[in-house]
Amino acid sequence: MEGLKKNQNDFRIRLDKIKESGYHLSCSRKKDWIEDVVKDIKNIKFTFVDDIRIQVEIFRMERDIFLRGLTTATIEMSCIRCLGNFNFPLKAEFRYTLSPSDDKALSPEMEINGEDLYLLYYQGDSIDIAPLIREQILLNIPSYPLCRESCKGICPQCGSNLNQNPCQCDKQEATVSKFEALKHFPVKH
Ligand SMILES: [Zn+2]
Ligand SMILES: [Zn+2]
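Structure, rendered in structure tokens:
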């Protein structure tokens, strides 16, 4: 918790700092900036391999704030088919519109969101964008990680990793078993 406390306000931006030309932020954070926070949220194992790179542009129109960002990182994950570890290049591109919370009742049309545009409300004279960045990283971590689209998985009969060691087990039977196994995976929509 000590580390979290220390970093708590590092992405809090005062509105009067957002000039007409916008507010630009380009930085990186050590993996512990996020790891402690997201570790227990997803029911899958992953570790950040290196630093998290963050770029954010913020513009202001009166009291509405428009935020555009890009976050990249490399995470090590375990493939759900072959159980092998692999590096996943995480890339989160995002846009947020933030309106003052006291305007909420006045602008119902703002509720209509674009597909990748998020609308939020803020209070006071500053915004904390750390939760937004963390949320976007989390959203872009795959729930069903595959080391590659064509991963052949593990032979259900001999347990061999079929990407590395094609085995001599009955091919037809192995295929049937593979499809049987797939039935039990929840389908992501
Ligand atoms: Zn795999
Ligand atoms: Zn086999």
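So for the sequence shown, the working numbering puts the first residue at -4; every next one is plus one.
Virtual Cβ for every residue (Gly too), placed ideally from N, Cα, C.
Keep in mind that this is a model prediction, so the values were computed, not measured.
As computed with DSSP, Asn135 is found in no beta bridge at all.
Within the same chain, and ignoring the five residues on either side of Cys146 in sequence, the residues whose Cβ sits closer than 7 Å to its Cβ are Cys74, Arg76, Cys77, Asn158.
Taking C-beta atoms as the reference points, Arg9 and Asp123 fail to come closer than 8 Å. Your pair Cys142 and Cys153 does not check out as a contact, with CB atoms roughly 20 Å apart and the cut at 8 Å.
Checking the DSSP bridge columns, you'll see Cys22 partnered with Ile49. At least 8 Å separates the beta-carbon of Phe41 from that of Ile29. Cβ neighbours of Met72 within its own chain (closer than 6 Å, five residues either side excluded): Phe41, Phe83, Pro140. Around the Cβ of Gly148, a 10 Å sphere holds 16 or more other Cβ atoms; the residue is buried.
Residue list for ligand 1: Cys74, Arg76, Cys77, Cys142, Cys146 (CB closer than 5 Å to any heavy atom, chain order).
Annotation for Ile70: the continuous beta strand (DSSP E) segment containing it runs 59 to 73. Here Gly64 has Val51, Phe89 as same chain residues with Cβ atoms under 6 Å from its own Cβ, once five neighbours each way along the sequence are excluded. Only buried fits Leu62, as 16 or more other CB atoms lie within 10 angstroms of its CB. Between Ser23 and Asp45, the alpha-carbon positions lie close to 10 Å from each other. Considering only Asp11, Leu20, Asn80, the residue with the shortest C-alpha distance to Asn156 is Asn80.
Ligand 2 never approaches Ser23 closely enough for any of its heavy atoms to be under 7 Å from the residue's Cβ. In this structure, Leu85 keeps its C-beta atom at 8 Å or more from the C-beta atom of Ile53. Here the distance from the Cβ of Gln152 to the nearest heavy atom of ligand 2 is below 7 Å. Burial state of Tyr116 is exposed, judged by a 10 Å Cβ sphere holding fewer than 16 other Cβ atoms. Apart from the 5 residues on each side of it in sequence, Ser21 sits with its Cβ closer than 7 Å to the Cβ of Gln50 in its chain, given in chain order.
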